[in-house]
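According to this note's numbering, the sequence shown is numbered sequentially starting from -6.
Built from N, CA and C at the ideal position, the CB exists for glycine as well.
These notes concern the structure reproduced below.
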Amino acid sequence: MTDGIGEALRQAVSATRGHFRYESGHHGDLWLDLDSLFLDAARMRGWAAALARQASGLGAEIVCGPLTGGAFLAQSIAAELGLGFVHAERQVADGSVQYRIPAPLAGTLAGRRVLVADDAINAGSALGLTLAELLRHGAVPAGIACLLTLGEAAGRIAAAQGVKLLALAALERGMWRPEDCPLCAAGVPLQGPVV
-6 MTDGIGEALR QAVSATRGHF RYESGHHGDL WLDLDSLFLD AARMRGWAAA
44 LARQASGLGA EIVCGPLTGG AFLAQSIAAE LGLGFVHAER QVADGSVQYR
94 IPAPLAGTLA GRRVLVADDA INAGSALGLT LAELLRHGAV PAGIACLLTL
144 GEAAGRIAAA QGVKLLALAA LERGMWRPED CPLCAAGVPL QGPVV
């Protein structure tokens, strides 16, 4: 992680403090508008190139990212490395979130080493569900790459998979299970959409 890239990422993301419910169901005190990371395509290409340089020795054959931000980053990294690209689509069924790789793409995964990329990893739900989907199709995790990490989830998931975590910047935030949330206990209302 270089200080110049990390600082540029922290400035590019629109961050709001408050009380939010994340996709994982956890509560947290930081909301990120990640879409602002993608406004400047040349800048994003530079960040993808920095991650591609770090990932070049991992032996990946395909790069995969959850739609939307993760897929945009994954496709850019794949282009930098000259690798294949697949994406995982978020689906909600009976209140349960899943990430699914479209059938025509899933058939290319068995036995292939896959680098998983996401724009930001907070609780790790999108990353974990994307990895589960890749494993379901016989892929072999090669590493995890992201622009931003928030907390320890990304590192725990990488360690559990036995792969390297590549990140360009980190941000601090508080995150709790709903029953342990100090903001709920203080009567602070939830705000905003699900992250």
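Cutoff 7 Å; reference residue -6; Cβ partners in own chain excluding five residues on either side: Any reading at residue -6 must be qualified, since the residue scores a pLDDT of 46, below 50, and its modelled position is unreliable; no value is offered.
When we look at the beta-carbon of residue 58 and count the other beta-carbons within 10 Å, is it buried (16 or more) or exposed? buried
Exposed or buried, residue 0, counting other C-beta atoms within 10 Å across all chains shown (16 or more means buried)? exposed
Tell whether a beta-carbon distance below 8 Å holds between residue 245 and residue 10. The structure shown does not extend to residue 245, since the chain is modelled only from -6 through 188, so no value can be given for it.
To which residues does DSSP link residue 168 through a beta bridge? 21
Look at the alpha carbon of residue 184 and the alpha carbon of residue 17, and state the distance between them as a whole number of angstroms. 16 Å
Backbone secondary structure at residue 101 - three-state DSSP: coil
When burial is assigned at 16 or more other CB atoms within 10 Å of the CB, is residue 3 buried or exposed? exposed
Environment of residue 109 [buried if 16+ CB atoms lie within 10 Å]: buried
Are there 16 or more other CB atoms within 10 angstroms of the CB of residue 179, so buried, or fewer, so exposed? exposed
Are there 16 or more other CB atoms within 10 angstroms of the CB of residue 46, so buried, or fewer, so exposed? exposed
Could you give the first and the last residue of the continuous beta strand (DSSP E) run that contains residue 57? 55 to 59
Any idea what DSSP makes of residue 182, helix, strand or coil? coil
Per the contact definition of three or more C-beta pairs closer than 8 Å, is the stretch 24 to 39 in contact with the stretch 107 to 127? yes
How big is the Cα-Cα spacing for residue 168 and residue 85? 23 Å
DSSP bridge partner residues for residue 85 (one or two, in chain order): 90
By the three-class DSSP mapping on this structure, what secondary structure does residue 133 have? strand
Helix, strand or coil, according to DSSP, for residue 6 in the structure here? coil
Do residue 37 and residue 69 have their C-beta atoms closer together than 8 Å? yes
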